[in-house]
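A.B. asks:
There are 2 protein chains.
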Amino acid sequence: MDIKSFVHKKALEAKEGAKVLAKASSKQKNSVLISMADALLKRAKELIAENKKDIKFAQDKGLSKALIDRLTLTDKRINEMAQGLKEVAALPDPVGEIVKMWQRPNGMTVGKMRVPIGVIGIIYESRPNVTADAASLCMKAGNSVLLRGGSEAINSNRAIVKVLRDVAKKEGLHEGVITFIDIPDRDAVMEMLKLEGIVDLIIPRGGEALIRAVTENSRIPVLKHYKGVCHVFVDRDADLKMAEEICFNAKVQRPGTCNAMETMLVDKKIAKIFLPVMVKRFKDAGVLIKGCNLSKKIVPSIEKVEDEDFYKEYLDLILNVKIVDGIEDAMEHIARYSSAHSDAIVTNDYAKAMRFLKEVDSSAVFVNASTRLNDGFQFGLGAEIGISTDKIHARGPMGLEELTCTKFIVFGNGQLRE
Amino acid sequence: MDIKSFVHKKALEAKEGAKVLAKASSKQKNSVLISMADALLKRAKELIAENKKDIKFAQDKGLSKALIDRLTLTDKRINEMAQGLKEVAALPDPVGEIVKMWQRPNGMTVGKMRVPIGVIGIIYESRPNVTADAASLCMKAGNSVLLRGGSEAINSNRAIVKVLRDVAKKEGLHEGVITFIDIPDRDAVMEMLKLEGIVDLIIPRGGEALIRAVTENSRIPVLKHYKGVCHVFVDRDADLKMAEEICFNAKVQRPGTCNAMETMLVDKKIAKIFLPVMVKRFKDAGVLIKGCNLSKKIVPSIEKVEDEDFYKEYLDLILNVKIVDGIEDAMEHIARYSSAHSDAIVTNDYAKAMRFLKEVDSSAVFVNASTRLNDGFQFGLGAEIGISTDKIHARGPMGLEELTCTKFIVFGNGQLRE
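Quick note, the sequences are listed as chains A and B, same order.
Position in the first sequence (first residue = 1) + 18 = our numbering.
Position in the second sequence (first residue = 1) + 18 = our numbering.
Okay, structure coming up:
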């Protein structure tokens, strides 16, 4: 069968799965998720054996140690995957929730009800645990998934999908609730992106190049996560000890993440007190600091920052520092350079806190908290399928609710259009 | 200037406009909308003079009378446009609304706040009133618009936009809140669809061909409105008099609209009583009826329906009739043929009503009310920019709320990521 027909067939299977899932009760979905978790544990050996094939292939290909580590399945990781499925089972079901309801003058009652989106196509890279995570979140929200993982993990992914599908079938759901396109060819992705009317949403997870390629070629709506160039602004009215802790946490706690701080903006009124202490603490933690001219005057030992640095997502122990002339200047810098991901202000001034919250146009805006908290678990969504930097449907962490849409429902008693 | 640079320049102007609008207060937005309404009335002669150019061109080109009628601006229509702006001014401002808010165990408060989307590109066809309608709705929701109207109305649209921009400038907003691409060339649309990162959302309004072309070529998210193939299912437990009124209204009140009924599904248990009466009433109103074999047995005078007819959006006094074996059969038919726009059940059976509401996957699902009520005004949204048949962001009528998104806001007191 050619690639086009193969992908089309898989997608139609996913559509059948979506129909079954849309009607499934919460109880049924939860029970299947728990059985899936048990099956992953029970069949761990099988998964590890298949995973070994991927690892061998990666080693032969000379892939980096870091990549091979991300690819590797261990008993511990399989256990975490299973635990993840159980946690999703324990979350409240968003489907069927009436978001609001109101009366019209003609006596009809109009409401908005949460409904599944349908078939969600997920295109992702190496880590095989994404297979179970993404499938379980979509399933709980009543959506089937059409998965397309990276070629490096193809054996592992195929094995995980087999386990999950076996359970779906055995428990009386449809196998099509989880379908997997096991063709490493890039053309398979391109065919997937043309399945308008069958696939309802595409979520690409991976590097910027993958996401750009998907966005440019998709006829299906895409929810995506571009880079995070995040800021913390230390206002003149900040509690400087708190500011120090927040900035340190935002940069150092896990620098390789999208919600880590890349640029620290410091109010000029407190720069002379704040900067030397802060820079010392960063330097002790191995952070390379690049500063504007003003900050270099205060702490001459730091490097010089270039304008293009302010656009960079370092994902590393590197930090830009800029001294700004108050909140206006800080918000202008953020509006220009931020990737609209996570931005924070540290201040004790009420008016400035409220202004920053309202005016900064990012997926999450923080007062007196670390940007590292922009995360589905931290926000209490239970789990997340990514952090959207899009401007429609959902911005920020996408949990179960964000994997649904709403439809209008009308309770009438004979209302007509006049 | 070449088309690409021209469109890019206009879009950047819109982006500047969006920044100003995002910060504007409700009071300021409302005052500008009211001044815009007044200016349209005051400068009606200017608008009508420009409109005459379009009409003359359309007549020379031999366009249809119906099209020329839709194109024509009269004092009455300008008055309606102005009235529309005032109504939008009177609606509640969605921007800044806190949709929900909750506490986390670490003491931080997380909320979701409604924010504008940014720059909305609207691609539409002949009717010039869309220019003012769409611009006012977007503006009220804090978004700037990049408009691209049909070439037939170019002089009228340019004149309307000029009036609105003059007011925006005079009242201290930015002219860029409303920008207009007055290049009739199709290439201008194609350039618009590439402005990812500047334009945040595209809404195409017009025929299916336009919408398909936009969807296939856009790198920007698109919210669209495909055809309406709507159903009314008359259940065996329906109040048959109510069913008759609802079916008649759904088909006849305005057959050329997307929410008019195209197929009537009748439970076989009541078909012999219901069909003859209903068909007579439809025939008296000039409706051509195409029925399945079973319905032809009951009313032999009707035409025979073909399977492909069930996919058709007639937009005319033509109706398919099918006799079904209960709600299961009806919902199966709807799942197969419906365009997921508006579908209704008429029944007095509680369980069937609730099942239909839950399981039918359409933008609006009705119990005991006409599908013709799927409309922003009828639902109380105040106004609408179209009816989305998409599965993400918004389904059904899109009012002000649907022209916004939400961001996360966090009130902390020093929270860090552990």
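Think of the CB as a built atom: it goes at the ideal place given N, C-alpha and C, for glycine as much as any other residue.
1. In terms of alpha-carbon separation, which member of B:Asp78, B:Met349, B:Phe251, B:Ile66 lies closest to B:Pro146?
2. Who are B:Cys423's beta bridge partners in DSSP?
3. Could you give the residue range of the alpha helix (DSSP H) that holds A:Asp93?
4. Listed from N- to C-terminal order along the chain, which residues in the segment 401 to 421 of chain A have their beta-carbon within a distance smaller than 9 Å of any beta-carbon of chain B?
5. Please identify the residue among A:Leu219, A:Gly139, A:Asp253 whose C-alpha is closest to the C-alpha of A:Thr197.
6. Any heavy atom of the ligand NAD closer than 7 Å to the CB of A:Gly274?
7. Among all the DSSP beta bridges, which residues are the ones paired with B:Gln121?
8. So, using beta-carbon positions, are A:Ile201 and A:Val284 closer together than 8 Å?
9. B:Ala416 lies in the alpha helix (DSSP H); which residues open and close that run?
10. Would you call the segment 258 to 267 of chain A in contact with the segment 252 to 265 of chain B, where contact means no fewer than 3 C-beta pairs closer than 8 Å?
11. For B:Met279, which residues in the same chain have their Cβ closer than 6 Å to its Cβ, ignoring the five residues on either side in sequence?
12. Assess contact between the segment 395 to 407 of chain A and the segment 340 to 358 of chain B, defined as three or more Cβ pairs (one per stretch) separated by less than 8 Å. Is contact present?
13. Residues in its own chain within less than 6 Å of B:Ala303 by CB, not counting five upstream and five downstream?
14. Report the residue from B:Lys245, B:Glu420, B:Ile316, B:Glu214 whose alpha carbon sits nearest the alpha carbon of B:Pro294.
15. Suppose contacts are defined by Cβ-Cβ distances below 8 Å. Is B:Lys462 in contact with B:Lys314 by that definition?
16. Less than 8 Å separating the beta-carbons of B:Leu155 and B:Val137?
17. Is it the case that the Cβ atoms of B:Arg166 and B:Ile135 are separated by a distance below 8 Å?
18. For the alpha helix (DSSP H) holding B:Asn338, just list the boundary residues, first then last.
19. Pop quiz: A:Lys79 and B:Arg413 are said to be a contact at Cβ under 8 Å. What is the actual Cβ separation, rounded to whole angstroms?
20. Identify whether A:Glu402 lies in helix, strand or coil by the three-state DSSP scheme.
21. Three-state secondary structure (DSSP) at A:Glu321?
22. Would you say B:Met131 and B:Gly430 are within 8 Å of each other, going by their C-beta atoms?
23. Just the chain B side, please: which residues come within less than 9 Å of A:Asp253 by C-beta, in chain order?
24. At least one CB of chain B closer than 8 Å to the CB of A:Lys376: is that the case?
25. Write down every uninterrupted run of the alpha helix (DSSP H) in the segment 152 to 190 of chain A whose length is 4 residues or greater and which is fully enclosed by it, in chain order.
26. On the DSSP bridge assignment, give the partners of A:Ser360 in chain order.
27. For the candidate residues B:Met349, B:Glu436, B:Val217, B:Glu326, whose alpha-carbon lies nearest to that of A:Gln396?
28. If you reduce the DSSP assignment to three classes, tell me which class A:His249 lands in.
29. Output needed for A:Leu375: all residues of its chain with C-beta closer than 7 Å, excluding positions within five of it in sequence on either side, in chain order.
30. Using a beta-carbon distance below 8 Å, is A:Ser388 in contact with chain B?
31. For B:Ser44, which residues in the same chain have their Cβ closer than 6 Å to its Cβ, ignoring the five residues on either side in sequence?
32. Whole-angstrom Cβ separation of B:Leu191 and B:Val25, contact assumed at under 8 Å?
33. Name the one or two DSSP bridge partners that B:Thr281 has.
34. Starting from the C-beta of A:Ser169, find all residues in its chain whose C-beta is less than 8 Å away, skip the five residues before and the five after it, and write them out in chain order.
35. Using a beta-carbon distance below 8 Å, is A:Pro239 in contact with chain B?
36. Indicate whether B:Ala57 and B:Val185 have their beta-carbon atoms separated by less than 8 Å.
C.D. replies: Let me lay it out:
1. B:Ile66
2. B:Val133
3. 93 to 108
4. Asp408, Lys409, Ile410, His411, Ala412, Arg413, Gly414, Pro415
5. A:Gly139
6. With respect to the ligand NAD, the structure offers nothing, as it holds no ligand at all.
7. Per the DSSP secondary-structure output, B:Gln121 pairs in a beta bridge with B:Thr127.
8. Going by C-beta atoms, A:Ile201 is not nearer than 8 Å to A:Val284.
9. The sequence as given places Met at residue 416 of chain B; Ala does not occur at that position. Segment: none, B:Met416 is in no alpha helix (DSSP H) and carries neither H nor E.
10. Touching, no.
11. Cys248, Val250, Ala268, Lys269, Thr389
12. no
13. Val270
14. Among B:Lys245, B:Glu420, B:Ile316, B:Glu214, the Cα nearest to that of B:Pro294 belongs to B:Ile316.
15. In the structure as shown, chain B begins at 19 and stops at 436. Residue 462 of chain B is therefore absent and cannot be evaluated.
16. A distance of 8 Å or more separates the beta carbons of B:Leu155 and B:Val137.
17. no
18. In the DSSP assignment, B:Asn338 falls outside any alpha helix (DSSP H) and lies within the beta strand (DSSP E) extending over 336 to 342.
19. Not confirmed; about 45 Å, so no contact.
20. coil
21. strand
22. no
23. Near A:Asp253 there are no residues of chain B at all, since even the closest Cβ is about 14 Å away, more than 9 Å.
24. yes
25. Correct list: 172 to 188.
26. As DSSP reads the structure, A:Ser360 sits in a beta bridge with A:Ala382.
27. B:Glu436
28. strand
29. Val383, Val385
30. Closer than 8 Å to some Cβ of chain B, the Cβ of A:Ser388 qualifies, so yes.
31. Short of 6 Å from the beta carbon of B:Ser44, and not among the five residues preceding or following it, lie these beta carbons of its own chain, in chain order: Asp111.
32. Taking C-beta atoms under 8 Å as the contact rule, B:Leu191 and B:Val25 fail to qualify, at a distance of about 22 Å.
33. B:His249, B:Asn338
34. Once the five neighbours on either side are set aside, the close Cβ partners of A:Ser169 are Pro202.
35. yes
36. Cβ distance < 8 Å, so B:Ala57 and B:Val185 count as in contact.
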